[in-house]
Amino acid sequence: VIFSQNIFLLILFLKCHECLPAPSGICTEKTAECPSQDYRCLAATEVAIKDGVVVSALNIKRCIMPDRCVENSVNYGTYRVVKNSACCNEDLCNAQIPEYKSAPNGNMCFTCEGENCMKTLNCVGNENYCVKATRKKGKNVTLKGCASKLICSNQRASRVNEFSAEQISCCQGDYCNSASKASTYLLLLLVPLLFSALLS
């Protein structure tokens, strides 16, 4: 009976495609069995876009807990980082990497071009918040743009090269990220929550 139960439990555990990128961005795909029946198969992509051109793209496949299957995006106009995830509950169902979302959603926020921080930015995908951020690059630099809810609400942080922000404030409503309106969330070194959470 115990042997039969063990076989039954093994059948319940998902098998997923696994591809964890090395520092070079290259990975060798293999098949992995999830450690428990609570896990799902994940396929995710992270894309960095600068001046409308994709400058980096990372794909990942693995077993993951459902609450870590998330999407987020932060967009400062000239620079955007977006992560799109898809989770599923069948063996080897994560073969297809999802495309990142780039269609305008109707929300509009201020963005900065040089010293002019009153330019209009059309938000895309799930970017339902306006943001204002500051970072130091010799001197304080102000960044404005659009972000998804997770970027504004999650306390876990990840620095991403020149894109790191030391303080970010979020608000909802068109053009709410002017100097006088944004309500501050002090999220130290947030922007964005990307593959650090998926790889840990």
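Reading the sequence shown from the start, the letters are residues -21 to -1, 1 to 179 in mature numbering (1 follows the signal peptide of the UniProt record, and there is no 0). Cβ atoms here follow ideal geometry from the backbone N, Cα and C, with glycine treated the same way. Nothing here was measured: the structure is a model prediction, and the numbers come from that model.
If residue i and residue j are in contact, beta carbons under 8 angstroms, what's the gap, nearest whole angstrom?
i: V53; j: K80; result: With a Cβ gap of about 13 angstroms, V53 and K80 do not count as contacting.
i: Q146; j: A112; result: 7 angstroms
i: V26; j: V33; result: 6 angstroms
What's the C-alpha gap between residue i and residue j?
i: E78; j: K118; result: 36 angstroms
i: E92; j: K9; result: 44 angstroms
i: C(-6); j: I5; result: 18 angstroms
i: Q134; j: C149; result: Confidence is the limiting factor: at Q134 the pLDDT is only 36, short of 50, which leaves the residue's position unreliable, though a coordinate-based value still follows. Approximately 13 angstroms between the Cα atoms of the pair.
i: P(-1); j: L37; result: 7 angstroms
i: E94; j: C155; result: 19 angstroms
i: V49; j: Q151; result: 20 angstroms
Identify the residues that DSSP records as bridge partners of residue i: which are they?
i: M87; result: N101
i: V32; result: K29
i: E69; result: DSSP lists no partner for E69.
i: T57; result: Paired residues: none, contrary to the question.
i: S64; result: A23
i: C150; result: C109
Pick from the options: whose alpha carbon is nearest that of residue i?
i: P14; options: M44, D30, A22; result: M44
i: R19; options: K40, L(-2), N86; result: K40
i: P83; options: F89, G104, C67; result: G104
i: K123; options: N51, C102, L129; result: C102
i: L100; options: Y108, C48, M87, E106; result: M87
i: D17; options: C67, V120, T121; result: C67
The beta strand (DSSP E) spanning residue i covers which residue range?
i: C(-6); result: -7 to -4
Considering just the uninterrupted stretch of the alpha helix (DSSP H) at residue i, what are its terminal residues?
i: C125; result: From DSSP, C125 is part of no alpha helix (DSSP H) but of the beta strand (DSSP E) over 119 to 126.
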